[in-house]
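Asker: Residue numbers (the working numbering), protein chains in the order written: chain S, 2 to 464; chain P, 32 to 323.
Backbone N, C-alpha and C fix where the C-beta goes; we use that ideal spot for every residue, glycine too.
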Amino acid sequence: MAMHYRKAMALLLMVLLVCTACGANTNDGNGSGTSPGGAASGGESDELPEVEITYWTDPRFKLIEGMEEQTPNNGDFEKWQAEQFMAQYPHVKIDVQVVTFEDMPKKVPASIAAGTQPDILRDYLGRTSQYAYQGVLENLEESVSEEELADYHQDYLDMYTIDGHLHALPAYAWTATMMLNREMWAERDALDLLPTREDPYWTIEEFDTAIRAVAEPGKVFPYAVHISNSQSDNGILELFWGFGAKLYADGDYSKIALNSPEGAAAMEYLVQLNKDGLLPPSISTTGPTDINNLIWSGQVGAYVDTLYAKTKLADARAEGKTLGEPELLFVSHPSAAGVTSGVPVGPTGYAVFKQDDDYKREWVVKFVEFLNSTEYQEMYAINAGQFPVKKSAGVPLSDDPDFVVMQQLIEERGLEDMGLTSPKYAEVRELLYPEVQAALLGMKTPEQALADYEKAANRVLAQ
Amino acid sequence: MQLMKRILEARSAYFFILPAYFFFVVFTLLPLLQGLQFSFYDVKLTSRTWVGLDNFIGLYQDPVFWKALTNTVVLVVGIVPAAMAISLFIAVIVYPLGRGLQTFFRMAFYMPIVASGVALSLVWLWILNPTYGLLNYVLGLLGAGPVAWLGTPNMALLTVDMVVITMIVGQPVILYIAALGGIPRDLYESAMIDGAGAWRQFRSITLPLLKPTTLFVLVTQTIGVFQVFVVIHLMTGGGPAHGTQTIVYRMYQTGFDFFNFGTASALGVVLILLVSVVAWAQFKWLGQETEY
């Protein structure tokens, strides 16, 4: 009897085992099973094979409006977004890692070389484009639905299209222009020297008069430009553009065009400002955070920055890092007579690294689309002063007068080319700041510095 | 055959060093050999192409490489002797102190070795900040300054020298104190009977008998300073105007800023050759009459 019982149990176990195996086989993760698009929340998602996604992001957002307590640090918001997605799709596990802007250009290439890259990377176009040239990114035009893509402003999609492929999904973009601490001029009864939001344009001569009016030797250095490393190189480039010089001529990425009489004039002007004590001491090694701190403490009055500076100022106020009442005013970068220089645009996007598993790829792309939903587009704009890239997001900051000024600058002056999608962008941008430093330190004449930059950059571009 | 026999005889010893040897092979020797191989290739993130000596020729033609090489040598020449002299001076002062005080000073000087180089560099950055830094604040109280500690190439290199010295003196201090304890007291007593003063005792007894320690400290410190990275990376980024550029930092930049791993590997090969030659010369110079 016992023998029969054991045989029956063994048979039953075998049947159960086969059934279980067959059941597992229907969800084998090869993409032929249930698609992400067809999944819903709750029980149905529970039955899907698990997906683990790693998501690396730059540290753009914190203290999100209405979620201040939940998002005190960089990365909190992105983790919250991931939790929302995981709550909707419990079979998806997302590991969010925040990478600092300093580490981003190093950590990602190192991970690619080691084969440990994330599934999703949110980063600047100047960097994601380099990974596209290395052939390690998914072509997203094949995975993102046409309906989704139709909601994007075509200019951004064009910007993200390299060799006919959409290498990343644009998320938002900054534009940068001259930011003034209006309080410094107000205190000295010199507001009439500044342009206004209604008429944001001014000349180099007017700018020069304005900054000299608030300078105090050894105490107030009215103008700063970031040249301690290659980050935020748009600031120094805007000075060159203001004098009529161009980094590349007419989109020709085979040679540098900055070494020109206009470029030399810009460099000479910067050197003169430094000699006159109008730049902070050690400007060659002063990073953006220190420059921001100097602005918040009323020691620097003019600096090229993005609308995100307003968020940084609010954070600094909350943390008690301000002196007085800094009041930011965004106007056009000054231009030399006869020059109408435009503004740079710096888009950030979601790149998806190549996936072997079709099923996982679908969920990765679905998460990226989730991150770029209209609702989040609006949050990106409001909380980091970014321009939305989707039509459905409208103009979330239309009641922000500084946003309106920037929009006006884009429309009236157009965009300048920083070479973000040049195949050698990463390398070429590393060459300019040491030459500017050398000129400021008197180690080279402005002409020599520009000539050396041109020689080094053209050698890289020729490779 | 003879070799195999010797290995078999010492098999238990080889067994004990096997774990360390395994990690040395996997994490040091193999990457080193691969670096040597990469130095002859154009290595991208996902592909490589044979280019022969092109990477080395590129280095030869690159003025920044020569600047980095010069700075590296200047750092080694400036830091190693100074750090050794300072640590020996501290050790000689601390050694005669009572047990409690000696322990305290040993711990105090060793602390920077235990602390993270990143944390120390960030603290130094704050101390050296030209506008709100502690050092310029103190100078201001004395009616001097402000000084742009990292603002010009020469001053930045000098400042880096100073910072690195503060970070590395701890280990030699400990080693020298231990070595001083190993010198027989009767040698000093005999010298005193013969009328030798303190300086003569130091020159004729202490220094010669510290030679093995000095050689060890010299070689390890030299290799360490050749590889200084964190301080440069966090405090100057190799600037201003490449004024603090070093071979190791250039190697990092070339690899991870320019994605040019072939040239970065060539820089690594140059560094290995340089360190090897210097270490060999140091052994030749100091190691001949040294007993261990």
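Let's see if you can read the secondary structure: which residues bound the alpha helix (DSSP H) around V344 of chain S?
Answerer: No alpha helix (DSSP H) holds V344 of chain S; DSSP gives it neither H nor E.
Asker: Which residues of chain P have a Cβ atom closer than 8 Å to the Cβ of E428 of chain S, listed in chain order?
Answerer: What E428 of chain S touches in chain P: D288, F289, F290, N291.
Asker: Which residue wins for smallest C-alpha separation from A151 of chain S, given the options S:P171, S:T204, S:F62?
Answerer: Out of S:P171, S:T204, S:F62, S:P171 has the C-alpha closest to the C-alpha of A151 of chain S.
Asker: If you measure between the beta carbons of S342 of chain S and W203 of chain S, is that distance less than 9 Å?
Answerer: Not closer than 9 Å, so no.
Asker: At the 9 Å Cβ level, is P529 of chain S part of the contact set with chain P, yes or no?
Answerer: This structure gives no information on residue 529 of chain S, because the portion of chain S shown stretches from 2 to 464.
Asker: Checking contacts by CB at 9 Å: is D291 of chain S closer than that to chain P?
Answerer: Closer than 9 Å to some Cβ of chain P, the Cβ of D291 of chain S qualifies, so yes.
Asker: Listing by chain order, which chain S residues have their CB less than 8 Å from the CB of G83 of chain P?
Answerer: Within chain S, no residue comes near G83 of chain P; the closest Cβ sits about 16 Å away, beyond 8 Å.
Asker: Would a check of beta-carbon distances place N102 of chain P closer than 9 Å to chain S?
Answerer: No, N102 of chain P does not count as interfacial toward chain S.
Asker: Here's the rule I'm using: 16 or more other beta-carbon atoms within 10 Å means buried, otherwise exposed. How should G219 of chain S be labelled?
Answerer: It is exposed - the Cβ of G219 of chain S has fewer than 16 other Cβ atoms within 10 Å.
Asker: T176 of chain S versus chain P: which residues are under 9 Å apart at the beta carbon?
Answerer: Simply none; closest approach about 25 Å.
Asker: Can a CB atom of chain S be found closer than 9 Å to the CB of L239 of chain P?
Answerer: Per the sequence presented here, residue 239 of chain P reads as Pro, with Leu not at that position. No, because no Cβ of chain S sits closer than 9 Å to the Cβ of P239 of chain P.
Asker: By the 8 Å beta-carbon criterion, what residues does the stretch 245–263 of chain S contribute toward chain P?
Answerer: Cβ contacts with chain P: none found.
Asker: Can you tell me the Cα-Cα spacing of Q356 of chain S and E48 of chain S, whole angstroms?
Answerer: Roughly 22 Å between the two C-alpha positions.
Asker: So, at 7 Å on beta carbons, what are the nonlocal neighbours of L22 of chain P in its own chain, with the 5 sequence-adjacent residues on each side left out?
Answerer: Outside the shown range of chain P (32 to 323) lies residue 22 of chain P, about which nothing can therefore be said.
Asker: How far does the alpha helix (DSSP H) with A439 of chain S in it reach, from first residue to last?
Answerer: A439 of chain S -> alpha helix (DSSP H) spans 426–441.
Asker: List, in order along the chain, the chain S residues whose C-beta lies closer than 8 Å to that of L181 of chain P?
Answerer: Within chain S, the residues near L181 of chain P are S283, T286.
Asker: Could you name each continuous alpha helix (DSSP H) segment of 4 residues or more that falls completely within the stretch 81–137 of chain P, going from the start of the chain to the end?
Answerer: Runs found: 85–92, 94–125.
Asker: By DSSP, does N384 of chain S sit in helix, in strand, or in coil?
Answerer: Helix, per DSSP.
Asker: Going along chain S, which residues have a C-beta under 9 Å from I77 of chain P?
Answerer: With the sequence shown as reference, residue 77 of chain P is identified as Thr, and Ile is not the correct amino acid for it. Residues of chain S passing the Cβ test: I113, A114, Q135, G136, V137.
Asker: By the 10 Å Cβ neighbour count, where 16 or more other Cβ atoms means buried, how is D403 of chain S classified, buried or exposed?
Answerer: By the neighbour-count rule (16 or more Cβ atoms within 10 Å), D403 of chain S is buried.
Asker: Could you pull out every residue in the same chain whose Cβ sits closer than 8 Å to the Cβ of I117 of chain P, ignoring the five residues on either side in sequence?
Answerer: Only I196, V200 meet the Cβ criterion.
Asker: Name the chain S residues whose beta carbon is nearer than 7 Å to that of T251 of chain P?
Answerer: Per Cβ cutoff of 7 Å: no residues; T251 of chain P is ~27 Å from chain S at best.
Asker: Are the CB atoms of T245 of chain P and L317 of chain P within a distance shorter than 9 Å?
Answerer: It is a contact, given that the beta carbons lie within the stated cut-off.
Asker: Which residues in chain P have a C-beta closer than 9 Å to the C-beta of A216 of chain S? List them in chain order.
Answerer: Those within 9 Å of A216 of chain S in chain P number zero; the least Cβ separation is about 15 Å.
Asker: Who are the Cβ neighbours of L304 of chain P in its own chain at under 7 Å, not counting the five residues just before and after it?
Answerer: Cβ within range, chain order: n/a, list empty.
Asker: How close, in whole Å, do the beta carbons of G386 of chain S and T312 of chain S come, if the pair is a contact with beta carbons under 8 Å?
Answerer: The Cβ separation is near 6 Å, so the contact holds.
Asker: Please confirm whether V97 of chain S and E70 of chain S have their CB atoms less than 9 Å apart.
Answerer: No, they are not a contact pair.
Asker: Suppose you measure from the CA of P184 of chain P to the CA of A272 of chain P; what does that come to, to the nearest Å?
Answerer: For P184 of chain P and A272 of chain P, the distance between alpha carbons rounds to 7 Å.
Asker: From the beta carbon of E455 of chain S, is the nearest beta carbon of chain P less than 9 Å away?
Answerer: It does not; no Cβ of chain P falls within 9 Å.
Asker: Could you tell me whether the stretch 277–295 of chain S touches the stretch 227–234 of chain S, where touching means 3 or more Cβ pairs closer than 8 Å?
Answerer: Because the criterion of three Cβ pairs below 8 Å is met, the stretch 277–295 of chain S and the stretch 227–234 of chain S touch.
Asker: Within 9 Å (strictly less), CB to CB, does G270 of chain P reach chain S?
Answerer: Closer than 9 Å to some Cβ of chain S, the Cβ of G270 of chain P qualifies, so yes.
Asker: Considering only the beta carbon of each residue, do I254 of chain P and A310 of chain P sit closer than 9 Å?
Answerer: A contact, by the Cβ cut-off of 9 Å.
Asker: The stretch 49–77 of chain P: which residues have C-beta closer than 8 Å to a C-beta of chain S, in chain order?
Answerer: Flagged, chain order: K75, L76, T77.
Asker: Quick check: the stretch 147–166 of chain S against the stretch 110–125 of chain S, are at least 3 beta-carbon pairs closer than 8 Å?
Answerer: Flag = no, the stretch 110–125 of chain S and the stretch 147–166 of chain S do not touch.
Asker: Measure the alpha-carbon distance for V99 of chain S versus V366 of chain S and round it to whole angstroms.
Answerer: One C-alpha to the other measures close to 19 Å.
Asker: CB-CB under 6 Å to L330 of chain S, same chain, minus the five flanking residues each way: which ones, in chain order?
Answerer: Closer than 6 Å at Cβ, skipping near neighbours: L181, R183.
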